[in-house]
Structure formats: structure tokens, C-alpha cells
Amino acid sequence: MTVQHVDLLRSEQPQERPPRPQIELRRAIEGENTNAGCTHLVQKRRRRRTRHTQRSLETGGVEMLDQLGRSPLSPAAAEEAIDDAHDPNLGPWLRRTSSGQTATLAGTVEPGFFSSSQRLRLLPGSRFEESERRGYYIDLRTKAASSATWPPVWLRAGYGHVKLAQFGLGHFELYAAEGNDQGFEVARAVADHLLATQVSDGTDRGGWLHEYAFSFRVPLRSPWLSAMAQGQAASLLSRVFAETGEERYAQGAELALHPMRVDVARGGVLGSIDGMPFLEEYPTEPQSHVLNGAIFALWGVRDVALQVQVAETVDLHEQLVAALVATSARWDTGRWSRYDLFPRRPTNVASSFYHQLHISQLNVLDTLYDASEFGELARRFTWYQNRRALRYAAFAQKAAYRVVIPRRKIYRQQRTPRAAEAGRQLLFKVSHFLPIRRP
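Heads up: the sequence shown runs through residues 168 to 606, numbered per my numbering.
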């Protein structure tokens, strides 16, 4: 049985908008430095930024308080992309080149309050429709810049599965788009690690457990699963299988879909929206329906359906696509996109980064499936994005959301070399949404 009838592929590529001008922080500082009367202030800011950067590198999860030189709509960091916003591990600060299509290493991450599309935009991949060396749907090469070798320094058990899968997909994209053989070797090493850490039996069979307590509007008890982690890991495993032909990767990818067939109430990640199936990035009760995570999870199901051609997987894929087509307009506020559909106030609108990511994802969906709803919604979101008044209104609404759902100061034991030497507990400014490992 084939799945061609499931994936009504279209030949048109999603139209990419011309790059928007970028304002670099370095230029802003140089402009200030031309004023001799402000030299001492510029130097003070540089020392302050260097001090906070050093602290952030020493203590993962620290949010630096230095927000100087930032516009109101660009206060966040590249590492907050695609739900790494809740990941305390730091990585490289990436900036887009003048071509507007790629990202290059620019320095050190400075975590901020919101994620911003002015700092980083994740665009559709260039090779996701190719039959050979098929890349990922979103170009994640920026995620590969945190480490060129395996294993990365931030790797630890029971944590960061989304980050790890994106790290592998980013390196695979280096191989697919640029022919970088080292990129494939790192991607394969990530796939091997995923297979080694995948739950092989029991109620969580096929999953990668997050072994820490977490809060996304409501608490998630340890351990818990994420549809986004399952889907992106499946996408990586399926691509490594396509290149190597080793069945163990295909088996791992298929096994990764098992939690997607288990209801949230029974410990899985399968939710429901208007009576139709929906994959939950955060398996909360009540269900949160995070849009970007559900789309990434859907693509994992699609990759496995194309590869193994199992009727059960094909049916799941069809149902998920139909549900997304029928409900996609619910993430449209009429002025901006919503990050999730959590049923309690306040409404969580998307940051500028996630709004742009929604546009990229919808453009890819419009290419993959014969459903006009995706393209129409992408065009509406783009129209919102191009209106300055709507951008600032969305920022204000997000700021109001943070007032109600604040980032709290909490004590967290962190064993860095400095902390160990001092023998004391450090005070970090950590988001309420950051996963806090139980003692």
C-alpha cells in the first residue's frame, strides 16, 4: 500500500518574502560611541554586557537583565526558537546574512524576555521535496551551530529532546543542502543516541521521557512526553534510514509514533480538538493545542508514513491533516496569531518569532497538501506582520500576558565551577516555564 493518495504534493514552492533590513547591535553601539560625551556610558554598557554574558555561559538558564540597545520588538534570543525558549542551555547567537536565506554564527546568545523575528527567522527548507538527500521542512542549520562535533557539551540524560532532535536535523540539513559529510556524521550520531535512549517497552514505549517537573500554564509531573520531540526525532531517524538503509532507524522512527496513538489522559500525547485528533507538544489538562509543535509532530508522522507505508500510520496522518485544515483559523485572532489555544485567560499570542515561524510552517503545508486554508492563513499572518500597528499591539498583548504569567525569581542549585568553589547557592532569574529538575 502506498501513501501517495495521502500527500497531495504540489510543485509550487512557498513564495519567500524579501529580507527585511536588519539593525545590528554593534552598529548601534558604534553610533553611540561617536558622541564623545557618551563614551563612558558606552564603555559601562559594554562591561555590563560582557559581565552578564560571562555569567550566562557559566550558568545555564540564566536570563540576563541587560536589555540595552534593543528595539521593543527584538528583545529575545535565537536559542528561544522553536520551543527552546524553555530550554536553559545556551547556544550561539545567530544572525541572518544579507541574502536573508541563511544564518551565520555571530557571537554569544543574550537571552531576553520575548523571542524576536528580527534576530532570527526560520524559513522553509530548500530540499524537503527532493527524493534524494531530502532535507527538513524548516531550515534548521542555525541549530547546528552550537557544536560542530558530537557530543555537544549541553547533552544530558532525560532533558532537551527537542533541542537534540533539532541539532541533528540542523546537521542533516548541512549535509542535504551543502553536501557536508561531517554534518551527516553528526546527524547519524544523534540518531544513534536517540535509539539508545528511546523507551523500548511499557506504557511509554517509543518515547523520550522528560525527567523533570515542568509548567506550561498548568504543572506537568515528571516524567512526561512531548509530541514535538517525538515527531522531530522520527523525522531525523527516517532521514538517516533513507541514507543508510539500516532498518534500526526505520524501526525507531515508527516506534516514536506509538505515544501519538495514546490519549493524553493515559500518558500519551494524543489530544482532541473539536472531536478530531491533535498532537500535543505539552500534554496538559486542559489541553493547550500549541500550533507550531503540532505541525512539527505532524511532519514526523508524514515522514514515517511515506517510508514504512503502514495503514495505521497513513490513517493517523490523514486524520491529523484533516483536523488541522478544519481548525487552523482558530489560531487567528484577526490581528495576529496565537501561540496556543489554552482555554483560560489570558490569551497567549505568538511572539514575533513564533508568528514568523507560523508563516513558514503554513507555507510548507500549503506546498505539501491541496488545502487552500493553509495558504490563505499564511497570507493573512503575513499581512498582520507587515503592519507596524499590529506588531506593536501584539507586543503589548504579549507584555500584558507576561504580567499575569510572570517570569519569577527562584532559587536553583547550580553546580558550576564558580558555584562549587564558592560553596554557595546562586540566585537566577529563570522563567516560570523553565523545567526545574526535582532534587
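Using N, Cα and C, we set each Cβ at its ideal position, and we do this for glycine too. As the structure is a computational prediction, the values presented were derived from the model and not from experiment.
Less than 8 Å between the CB atoms is what I'm expecting for residue i and residue j, so what's the real figure, rounded?
{"i": "Ala311", "j": "Phe334", "result": "6 Å"}
{"i": "Leu424", "j": "Val471", "result": "6 Å"}
{"i": "Ala417", "j": "Leu361", "result": "The Cβ separation is near 13 Å, so there is no contact."}
{"i": "Trp317", "j": "Ala363", "result": "The pair is not a contact, with the Cβ atoms about 13 Å apart (cut-off 8 Å)."}
{"i": "Tyr304", "j": "Val531", "result": "5 Å"}
{"i": "Ser393", "j": "Val329", "result": "7 Å"}
{"i": "Val488", "j": "Leu524", "result": "About 19 Å; that fails the 8 Å criterion."}
Please say whether residue j and residue i have beta carbons closer to each other than 8 Å?
{"i": "Leu422", "j": "Arg372", "result": "yes"}
{"i": "His613", "j": "Ala324", "result": "There is simply no residue 613 to check, as the chain begins at 168 and stops at 606 in what is shown."}
{"i": "Gly327", "j": "Leu341", "result": "no"}
{"i": "Gly398", "j": "Gln365", "result": "no"}
{"i": "Arg294", "j": "Arg301", "result": "yes"}
{"i": "Gly460", "j": "Glu448", "result": "yes"}
{"i": "Leu307", "j": "Leu331", "result": "no"}
{"i": "Val516", "j": "Gln454", "result": "no"}
{"i": "Pro319", "j": "Gly374", "result": "no"}
Excluding the 5 residues preceding and the 5 following residue i in the sequence, name in chain order all residues of the same chain whose CB lies nearer than 8 Å to its CB.
{"i": "Arg502", "result": "Tyr551, Leu557, Ala560 and Ala561"}
{"i": "Glu297", "result": "Ala343"}
In chain order, what residues of the same chain lie with their CB nearer than 7 Å to the CB of residue i, ignoring the 5 residues before and after it?
{"i": "Pro188", "result": "Its pLDDT being 37, under 50, Pro188 is placed unreliably in this model, and the value from its coordinates should be taken loosely. So the list is empty, once near-sequence residues are dropped."}
{"i": "Thr616", "result": "Because the chain is modelled from 168 through 606, residue 616 falls outside the range shown and cannot be assessed."}
{"i": "Ile440", "result": "His456, Ala490 and Thr494"}
{"i": "Ser367", "result": "none"}
{"i": "Ala545", "result": "Ile526, Leu529, Asn530 and Asp533"}
{"i": "Val396", "result": "According to the sequence provided, residue 396 is Ala. The question's Val does not apply to it. Once the five neighbours on either side are set aside, the close Cβ partners of Ala396 are His328, Val329, Ala332 and Trp375."}
{"i": "Thr370", "result": "Gly434"}
{"i": "Gly292", "result": "Gly302, Tyr303, Tyr304, Ile305, Asp306 and Glu340"}
I'd like the list of long-range same chain contacts for residue i, defined as Cβ closer than 6 Å, with 5 residues on each side in sequence excluded.
{"i": "Thr514", "result": "none"}
{"i": "Arg469", "result": "His484"}
{"i": "Leu376", "result": "Pro390"}
{"i": "Gln528", "result": "Ile462"}
{"i": "Gly542", "result": "Asp533"}
{"i": "Asp430", "result": "Leu437"}
{"i": "Phe408", "result": "Tyr416 and Ala417"}
{"i": "Met443", "result": "Ala490"}
{"i": "Phe509", "result": "Arg384 and Ser455"}
{"i": "Ser504", "result": "Trp498, Ala517, His522, His525 and Phe548"}
{"i": "Asn347", "result": "Leu341"}
Verify the CB distance criterion: does residue i have a CB-CB separation below 8 Å to chain C?
{"i": "Val471", "result": "Looking at the structure shown, chain C is missing, and only one protein chain is on hand."}
Within the segment 302-362, note down every full alpha helix (DSSP H) run reaching 4 residues or more, in order along the chain. Listed in chain order, they are 328-345.
Tell me whether the segment 472-482 and the segment 516-523 touch, counting them as touching only if at least three CB pairs, one residue from each stretch, are closer than 8 Å. Too few Cβ pairs lie closer than 8 Å, so no.
Are the segment 425-436 and the segment 491-499 in contact at 8 Å, needing three or more beta carbon pairs? Under the Cβ criterion (8 Å, minimum of three pairs), the segment 425-436 does not count as touching the segment 491-499.
Which full runs of the alpha helix (DSSP H) of 4+ residues lie inside the segment 383-465, going along the chain? Counting whole runs of 4 or more residues, the segment 383-465 contains the alpha helix (DSSP H) stretches 394-411 and 414-422.
Which parts of the segment 485-517 are runs of the beta strand (DSSP E), unbroken and 3 residues or longer, counting only runs that do not cross its ends? Segments of the beta strand (DSSP E) lying fully in the segment 485-517: there are none.
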